[in-house]
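Encoded as structure tokens, the structure appears first; notes follow it.
Numbering (the numbering used here), first residue to last: 9 to 467.
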């Protein structure tokens, strides 16, 4: 074999200069490592730019995409998951819950901006149910929290009719039960003592009068009757005055008795106090009948009537219900609270209801609806600010958009004054699905209830 290879002869430059070979190998190594990948990346980017440029300027591939989009747009089909989270026009998975979207076919004239037709399968999936709008007498129940107070008409304030000092306060705590004629306090009064002496002297003069003059006898009788009347004006009952006459001796300590049976609701003096004429000593009230004081908004009292029955639950009497009647409706609105005071009278013969406790009244009132108003379920009406809408099934499967006017919301029912006639079938559930369908198809909906008016103006 030759000492030199064919490519590397004794006359080649690499044989004469070995360092040239090393330079070529170094350049080849870095060309493969850096230059070739860089050229590949630049080539890909360049092709992508050319593709985008051609598509933007020469409408490449647009015809195919447009035809596909047109085909999909012609199909009146929506897609929704079983939970009805969203309604979209393309299949796939729900963006909210991740469930597979199911096809819902929606039919109808595209020019019919107020109606869509839902097939039975889509209707079952969306749980669309209808009820008849009825023209019926409606009632609502209002709950109001109030406070228990004693009946002010049964209240009696025991006051001093004469100056004196409280020697003994027999009813010395609030809540004490008293009976009519029972002693409340013992009062020492020099004035009463002097009047008792005057009565006894007048009686003695009348009984021992030996004069035959009728004028003198009449004057003595007038003096005697005046003395009795004066003691009565000082608050002494007739029985107590008779007792003084029978005893024949005045008493400086006089009993103040109760004019009624009831409960001491307020003690205003204490034992040993000096009192002046007219000063209150005790307050008594008959708690066999109590009041529930309510503060209601003016619109809540529009249909209330005196004597109307009210069901009441008391905070301290769990599980029990009491019946009361409305006995007073304030004709004035409180300017500070913008409320009307309403008083409910409750029998309390058993004494279970405590003064100062809280009670909750349930008041049912009938709405004076006229023949043009209808009642629909609360879920049949969608509200958005001042706009309220509902959907009426005018034909089998066809639902029509209606703007309605609410007269009053009464719990789970709504009273409508315009928009729906009695007997029309109103969608009571699945209303959001219907509204979404209208909105996706570019028709009037809760989001844009005035779309039809704008289109007419544009024409």
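Backbone N, C-alpha and C fix where the C-beta goes; we use that ideal spot for every residue, glycine too.
### Message
Here's a check: name, in chain order, each residue in its chain whose Cβ is nearer than 6 Å to the Cβ of residue 398, leaving out the five neighbours to either side.
### Response
For the purposes of this step, residue 398 is taken as residue 390 along the chain shown, with counting starting at 1. Taken in chain order, the residues that qualify are 388, 389, 410, 412, 434.
### Task
Give the secondary structure of residue 447 by DSSP, where H, G and I count as helix, E and B as strand, and everything else as coil.
Taking the first residue of the chain shown as 1, we reach residue 447 at position 439. Here residue 447 sits in helix by DSSP.
### Message
Let's see if you can read the secondary structure: which residues bound the alpha helix (DSSP H) around residue 249?
### Response
On the chain shown, position 241 is the one that residue 249 refers to. Run containing residue 249: 246-255, per the alpha helix (DSSP H) assignment.
### Query
On the three-state DSSP scale, how would you describe residue 182?
Numbered from its first residue, the chain shown carries residue 182 at position 174. Reduced to three states, the DSSP call for residue 182 is coil.
### Counted within 10 angstroms of its Cβ, other Cβ atoms place residue 394 as buried (16 or more) or exposed
In the chain shown, residue 394 corresponds to position 386, counting from 1. So residue 394 ends up on the exposed side.
### Task
Using 10 angstroms around the beta-carbon of residue 443, count the other beta-carbons present and answer buried if the total reaches 16, otherwise exposed.
Residue 443 sits at position 435 when you count from the first residue of the chain shown. Residue 443 is buried by the Cβ-count criterion.
#### Entry: Spatial distance of residue 106 from residue 403 (CA atoms)
The count along the chain shown starts at 1 and reaches residue 106 at position 98. The count along the chain shown starts at 1 and reaches residue 403 at position 395. Going by the C-alpha atoms only, they are around 35 Å apart.
### Task
Report the three-state DSSP secondary structure of residue 203 (helix, strand or coil).
Numbered from its first residue, the chain shown carries residue 203 at position 195. The answer is helix: DSSP assigns residue 203 an H, G or I state.
### Message
Going by the DSSP bridge assignment, what does residue 3 pair with across the sheet?
### Response
For the chain, the structure presents residues 9 to 467; residue 3 sits outside this window and is missing.
### Task
Following the continuous beta strand (DSSP E) through residue 173, name the residue where it begins and the one where it ends.
As a first step, residue 173 must be located in the chain shown, where it is residue number 165. Residue 173 -> beta strand (DSSP E) spans 172-177.
### Message
Suppose you measure from the CA of residue 197 to the CA of residue 167; what does that come to, to the nearest Å?
### Response
Sequence index remark: in the chain shown, residue 197 carries index 189 (1-based). Sequence index remark: in the chain shown, residue 167 carries index 159 (1-based). If I take the Cα positions, the gap works out to 14 Å.
### Task
Mind checking which residues open and close the beta strand (DSSP E) that includes residue 101?
As a first step, residue 101 is located in the chain shown; it is residue number 93 there, counting from the start. It is not in any beta strand (DSSP E) - residue 101 carries neither H nor E in the DSSP assignment.
### Message
Pairs of beta-carbons, one from the segment 312-329 and one from the segment 179-188, closer than 8 Å: are there three or more?
### Response
no
### Query
What is the residue span of the beta strand (DSSP E) that residue 138 lies within?
Within the chain shown, numbered from 1, the residue matching residue 138 stands at position 130. It spans 137-140 - the beta strand (DSSP E) in which residue 138 sits, taken as one unbroken run.
### Close-in-space but distant-in-sequence residues of the same chain around residue 175 (CB under 6 Å, 5 per side omitted)
Position 167 of the chain shown, counting from 1, holds the residue named residue 175. Counting only Cβ-Cβ distances below 6 Å, and skipping sequence neighbours, we find 194, 196, 261.
### Message
Within a Cβ cutoff of 6 Å, which residues of the same chain sit near residue 74, ignoring the five residues on either side of it in sequence?
### Response
For this step, residue 74 is matched to residue 66 along the chain shown. Residue placement at residue 74 is poorly supported in this model, since its pLDDT is 43, which falls under 50; the coordinates are not used for a value here.
### Task
Please state whether DSSP places residue 346 in a helix, a strand or coil.
Counting from one through the chain shown, the residue named residue 346 turns up at place 338. Note: residue 346 maps to coil in three-state DSSP.
#### Entry: CB of residue 369 within 8 Å of CB of residue 302, strictly
The count along the chain shown starts at 1 and reaches residue 369 at position 361. The count along the chain shown starts at 1 and reaches residue 302 at position 294. Yes, the Cβ-Cβ distance between residue 369 and residue 302 is below 8 Å.
### Query
How is the alpha helix (DSSP H) around residue 234 delimited, first residue to last?
Working through the chain shown from its first residue, we reach residue 234 at position 226. Taken as a continuous stretch (DSSP letters only), the alpha helix (DSSP H) holding residue 234 covers 222-241.
### Task
Please work out which residues of its chain come closer than 7 Å, Cβ to Cβ, to residue 360, disregarding the five sequence neighbours upstream and downstream, and give them in chain order.
Within the chain shown, the letter at position 352 stands for residue 360. If we look at residue 360 and ignore the five residues flanking it on each side, its Cβ neighbours are 325.
### Message
For the beta strand (DSSP E) containing residue 130, name the first residue and the last one.
### Response
Residue 130 sits at position 122 when you count from the first residue of the chain shown. Looking at the DSSP string, residue 130 is not in any beta strand (DSSP E); the run it does join, the alpha helix (DSSP H), is 128-134.
#### Entry: Residue from 441, 122, 418 with nearest C-alpha to residue 148
Translated into positions along the chain shown, residue 148 becomes position 140. Per the Cα distances, 418.
### Message
When you compare the CB positions of residue 150 and residue 371, do they come within less than 8 Å of one another, or not?
### Response
Taking the chain shown and counting its residues from 1, the one referred to as residue 150 is at position 142. Taking the chain shown and counting its residues from 1, the one referred to as residue 371 is at position 363. Result yes, Cβ atoms of residue 150 and residue 371 sit closer than 8 Å.
### Task
Pull up the distance between the alpha-carbon of residue 246 and that of residue 155, whole angstroms please.
For the purposes of this step, residue 246 is taken as residue 238 along the chain shown, with counting starting at 1. For the purposes of this step, residue 155 is taken as residue 147 along the chain shown, with counting starting at 1. So the alpha carbons of these two residues sit roughly 40 Å apart.
### Query
Opposite residue 193 in the DSSP bridges: which residues?
Counting from 1 along the chain shown, the entry for residue 193 is found at position 185. Partner(s): 177, 264.
### Query
Given 8 Å as the limit, is there contact between the segment 267-278 and the segment 124-139, that is, 3 or more CB pairs closer than that?
no
### Task
List the endpoints of the continuous beta strand (DSSP E) containing residue 470.
One cannot answer for residue 470 here, as it falls past the ends of the chain, which runs 9 to 467.
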